Structures are given as C-alpha cells and as structure tokens.
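Following: one structure in structure tokens, then a few remarks.
There are 2 protein chains.
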Amino acid sequence: MKLARSDRGSQTRELLLATAERLFAEYGVEGVSNRQVSEAAGQSNNFAVGYHVGSKEDLVVAIVRPHAASIERRCGEMVAQLPDSPGLRDWVSCLVRPAVEHLASLGVPSWYARFIAQATTHPTFRRLVVGEAFASRSFQRCHEAMFRLVPLLPEEVRRERDDMGRLMLVHICAERERALQEGTASPHSTWESTATGLVDALVGLWLAPVTARW
Amino acid sequence: MKLARSDRGSQTRELLLATAERLFAEYGVEGVSNRQVSEAAGQSNNFAVGYHVGSKEDLVVAIVRPHAASIERRCGEMVAQLPDSPGLRDWVSCLVRPAVEHLASLGVPSWYARFIAQATTHPTFRRLVVGEAFASRSFQRCHEAMFRLVPLLPEEVRRERDDMGRLMLVHICAERERALQEGTASPHSTWESTATGLVDALVGLWLAPVTARW
DNA sequence: CAGAGACTAAGTCATACGCCTTAAAAGTCA
DNA sequence: TGACTTTTAAGGCGTATGACTTAGTCTCTG
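So the protein sequences, as listed, match chains A and B. Numbering follows full-length UniProt numbering, in which position 212 of the first sequence is assigned residue number 212; successive positions increment by one, without gaps. Numbering follows full-length UniProt numbering, in which position 53 of the second sequence is assigned residue number 53; successive positions increment by one, without gaps.
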C-alpha cells in the first residue's frame, strides 16, 4: 500500500514542522534559517525543508494549518452544544475556549501560542497567518452571533474591538505558554484560569460604553 | 566648541536609528541586518551601525529610548493637570493618550508603533524593550493609582489585565499606524479616535466582573 | 525479484553576513 | 600652521545562508 511509503516522508515532514515551530517560538521566525531547521531536525540534507515543505512562507502556513483545523473542530463541537438562545458570554467562550483547550492539549512545553503571536505581528507573515488561522467557518459564525448581541456599536468600534479581542487571545495565550514552561503551576489549572480570565475580559470589552467621537 | 564636532557624528547616528526603525517596522527586526541598515542610511561603511551604536540589541534600545522619554514627559504633564480625586478613566487616559499623542506627533508615515509591537513580541528582545519602554516613573504611578480604584481584583487578575491593557495599547496602535499609512483618513482624527476607543475598552476591561476560579 | 519512484545524505556554489582593518577626510585646538 | 582626534570610505576575511545537484537508499508494485 501507499501509506507506508509516504509515511516516512510525511513523518519527516511533520518532524520538520514541529522543529520549526519550536525554533521559531524560541528565536523568532526570521531568526531561524530553513537550514537550521533541517539540521535541528536531524536531517543531513540541509535543504530538507525546501524538499518537504517549500519556502519559509510555505513552512509557516504548514505549521498553522493543523492547529487551526483542530481549533476549528473544537469550536464547531462547542457551538453544537450551546444552550437555546445563548448569551454574549456563550459566544465569547466559543471563540476563546477552543483555542485555549487546544493549547492545553499540547502539553508542556508547547510552542504554538508564541509562534502564532510572532507570526501575526510580523509585517510580511501577518496576512498569511491571520487568513489561515482566523478565517474558519465556526469562528466566523461565532463572531456574527456575537455582533448581533451587541447591536449598539458603530461599525468602526465593532471592528476595533474585534481586533482587540483577537490580539488579547493570541498574546495572552503566548504569555501564559511562556509562564507555564518556566513556572511550576499545573498546566490544567493555568489554562483553565487563562480561559476564564480571557472570557471575563472580552465580555467586559464588548459591553464597555462607547464615547461619541468627533 | 565641541558641539560641531560631535554634531556630525550624532546626526549620522540619528539617521541610522531612524533608518533602522523604518526597516525594522517594514521587514521585521530579525529580517534586517546591521549591514543593510548602514547601507540604507547611505553610509559607505557597512559597519556604520557597529561604530555608532553597537550590536543589534544596542540598536533596538537606542531606538526605543528617545520615544520612551517623550511619552514619559507627556505622561508627567498629563498627570500634573489631573483634576482633584481623578477617576479610573482619568488614570487610564494618562496611560493611553501620551503614547498615542506621541505617535500622532510623528506624522505619517510613522514606524515606531509597528516597531515596538514586533520588538515586544520577539522572544529575545522582549525583556529589553518592555523594561525600557514601560518602566517610567509617571507610568508606574498611573498604574498604582489605577489599581487602587479597582481594589476588588485578586492579584493574579490584576496582573493579567495589566498585561492585556499593555498588549492592546501596543498592538492597536501598530494596526492604526499601518492603516493610517495605507488609508486616507486624516491623521489627527484617526489617532484621537484610537485613543478614545482604547480608553473606553480599557475602562471596560478593568471594570469587567470576575468569575471565581478553581 | 527487479525496477520505478520516493526519500535522504552529502556536498557545491554564489551571495550576504558580522566583524575588523586601513586609510583618507573632516574637524579641533596648541 | 601642525599635531591630534573623530568620523567616514573602502574593502578584506571567515562563516552561514538559500538554492541546487548528485549519488545512493529504502519501500512498494508489478
């Protein structure tokens, strides 16, 4: 069968992706060359990344994709179990918890949160990554449902607070991931507490009064 | 007199800093070599950065310092003009507006917000930059005053929301700076509106109810 | 089992890097 | 003016990079 043959290749590919994710989180996306990734993954061929994945942009996208899929799946499941006429807090939870629980499922140390924080902040990888990681169906649906529950906001403020929410989710997760690796707290309680804190904060953010402008 | 002599040198140095700030914001801090900075600044000596500033870490700190000083000055002035028994919103404004007004004063295009967003996200430059940019006296004072007005928060939540506020300030300013460069909105109204939006959001964040954990 | 295709090892090549040296130019002061 | 210091110009040196080639290994399929 074909699996066994393509297995070795795809194993190597996944090893490369995991290694790249870790190195990028530790030293910055631009701070690590494809060559270093190949060598750190134990490949004698310094062009292994080029062969199995492609350019650095391809590599970044390839790292994001499976994580995004897992989060999307969790998000879909959570939406399906929502009570009748869910409130703002329910929808916010559907945006926060799938991502946090995915990170929790990775164990310690995980690297994805720090990787994604950097990638979304980088001027050239930004578009690529945001499109890949935040454009899923369930995610979109939660956003729309959420907007309907805060109907008083002008479009501009809505967009602004949406940005704020995304930034908080990404970067707070990155900081917790770092703290978790350095510290002594139990992973589960830390991630659970992070999710609760984020949901509280995001609800407060969306419900904050709006000062008129101009 | 000595000024004239050191003038040429310090002018070159400042040209290097400004060039580096722009290139870092455009292509990422790690994506630009000191050599490229020297050459983009029109210096034939490709070691100009090394001569005038030092290592890349020194360069990053040197870029931050004057901006941080300007923001600190504005913050001090704003605190001095605060009304008697200022409210939460007043102290939040003292944390947000000095930074935003400093960015507005730079004109369009400015690069500092995007630079600082990346630098504070980078795993190795993080400590360096956060210490330099957010550790000023007036800033600390505003924080403490703010905390006294939200006394119910557990220490952990306080710290968490403090992180959130800092992240929002930095990254939202970076997004606005980018939008401003690409878009057509008048700079003043955009920055003013950004400040208002941030203050609204941060007040909402600090006043958000806290769910018990564990 | 033999051969085709997928994968890895090993290494080449031009380019770009950081760091450094040397020499000329610009500026200062006795 | 002439000795002295600071700054800039020009370029060398060893190393690391991305892109690529070639040779060989492994695994399945016919």
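Built from N, CA and C at the ideal position, the CB exists for glycine as well. All of these numbers come straight from a predicted model, not from anything done at the bench.
Only counting the same chain, and skipping five residues up and downstream in sequence, which positions put a Cβ closer than 7 Å to that of A:Leu205? Arg161, Met164, Gly165
Tell me which residues share the same chain as B:Ser108 and place their Cβ nearer than 8 Å to its Cβ, disregarding the 5 neighbours each side in the sequence. Here residue 108 of chain B turns out to be Val, not Ser, going by the sequence shown. Only Leu180, Gln181, Pro187 meet the Cβ criterion.
Helix, strand or coil for A:Phe139? Go by DSSP, reduced to three states. helix
Taking the Cβ atom as the reference point for each residue, do B:Leu16 and B:Val37 lie within a distance shorter than 8 Å? yes
Look up A:Val199 in the DSSP assignment and say whether it is helix, strand or coil. helix
For the putative contact between A:Ser136 and A:Cys173, defined by C-beta atoms under 8 Å, what is the C-beta separation to the nearest angstrom? With a Cβ gap of about 17 Å, A:Ser136 and A:Cys173 do not count as contacting.
With 16 other CB atoms within 10 Å as the buried threshold, where does A:Asp200 fall? In the assembly as shown, A:Asp200 is a buried residue. Its beta-carbon has 16 or more other beta-carbons within 10 Å.
Just reading off the alpha helix (DSSP H) that A:Gln43 is part of, what are its end residues? No alpha helix (DSSP H) contains A:Gln43, which DSSP labels as neither H nor E.
Is it buried or exposed for B:Gln140, if we count other Cβ within 10 angstroms and need 16 for buried? exposed
Compute the minimum distance between the beta carbon of A:Phe134 and the heavy atoms of the ligand MN, and state whether it is under 7 Å. No copy of the ligand MN occurs in the structure displayed, which carries no ligand at all.
With 16 as the cutoff for other CB atoms within 10 Å, does A:Arg148 come out buried or exposed? Residue environment for A:Arg148: exposed (fewer than 16 other C-beta atoms within 10 angstroms of its C-beta).
Do you know how far the Cα of B:Ala68 is from the Cα of B:Thr120? 14 Å
As assigned by DSSP and simplified to three states, the class of B:His52: helix
Hey, which unbroken runs of the alpha helix (DSSP H) at 4 residues or more fall wholly within the stretch 115–195 of chain A? 126–133, 137–149, 155–182
Using C-beta distances below 8 Å, list every residue in its chain close to A:Val203, excluding the 5 sequence neighbours before and after it, in chain order. Leu88, Arg89, Val92
Within 8 Å of any Cβ in chain A, is that where the Cβ of B:Met146 sits? Chain A, which has no Cβ nearer than 8 Å to the Cβ of B:Met146, makes this no.
Please determine if the stretch 97–113 of chain A and the stretch 35–53 of chain A are in contact, where contact requires at least 3 C-beta pairs separated by less than 8 Å. no
Would you mind reading off the limits of the alpha helix (DSSP H) that contains B:Trp91? Start and end: 88–105.
Taking 8 Å as the threshold (beta carbon to beta carbon), is B:Ala208 in contact with chain A? yes
With a Cβ-Cβ cutoff of 8 Å, do B:Glu21 and B:Arg65 count as a contact? no
A:Val150 at chain B interface by Cβ criterion, 8 Å: Chain B, which has no Cβ nearer than 8 Å to the Cβ of A:Val150, makes this no.
State buried or exposed for B:Arg159, treating a residue as buried only when at least 16 other CB atoms are found within 10 Å of its CB. exposed
Members of the stretch 113–144 of chain B that neighbour chain A once the beta carbon cut-off is set at 8 Å: Arg114, Ala117, Gln118, Thr121, His122, Pro123, Thr124
At least one CB of chain A closer than 8 Å to the CB of B:Tyr51: is that the case? Cβ-Cβ to chain A under 8 Å: no for B:Tyr51.
Neighbour-count burial assignment, A:Asn45, 16 or more Cβ in a 10 Å radius: exposed
8 Å Cβ cutoff met for A:Glu57 and A:Ser138: no
Buried or exposed, going by whether 16 or more other CB atoms sit within 10 Å of the CB of B:Lys2? For B:Lys2, the predicted structure reports a pLDDT of 31, less than 50, and the residue's modelled location is therefore unreliable. A value from the coordinates is still provided. Exposed, because fewer than 16 other Cβ atoms sit within 10 Å of the Cβ of B:Lys2.
Quick check on DSSP: helix, strand or coil for A:Ser10? In this structure, A:Ser10 counts as helix in the three-state DSSP scheme.
Using three-state DSSP, classify B:Ser110 as helix, strand or coil. coil
Does the separation of the CB atoms of A:Trp111 and A:Ala185 fall below 8 Å? no
Express the C-alpha separation of B:Arg13 and A:Tyr27 in angstroms, rounding to a whole number. 28 Å
Residues of the stretch 169–184 of chain A in Cβ contact with chain B at a cutoff of 7 Å, in chain order, please. Contact residues of the stretch 169–184 of chain A toward chain B are His171, Ile172, Glu175 (C-beta to C-beta distance below 7 Å).
Applying the criterion that 16 or more other CB atoms from any shown protein chain within 10 Å of the CB defines a buried residue, is B:Arg196 buried or exposed? Before going on, a small fix: residue 196 of chain B reads as Thr here, not Arg. Buried.
Applying the criterion that 16 or more other CB atoms from any shown protein chain within 10 Å of the CB defines a buried residue, is A:Thr19 buried or exposed? By the neighbour-count definition (other C-beta atoms within 10 Å, threshold 16), A:Thr19 is a buried residue.
Taking the alpha-carbon positions, what's the A:His122 to A:Val210 distance? 30 Å
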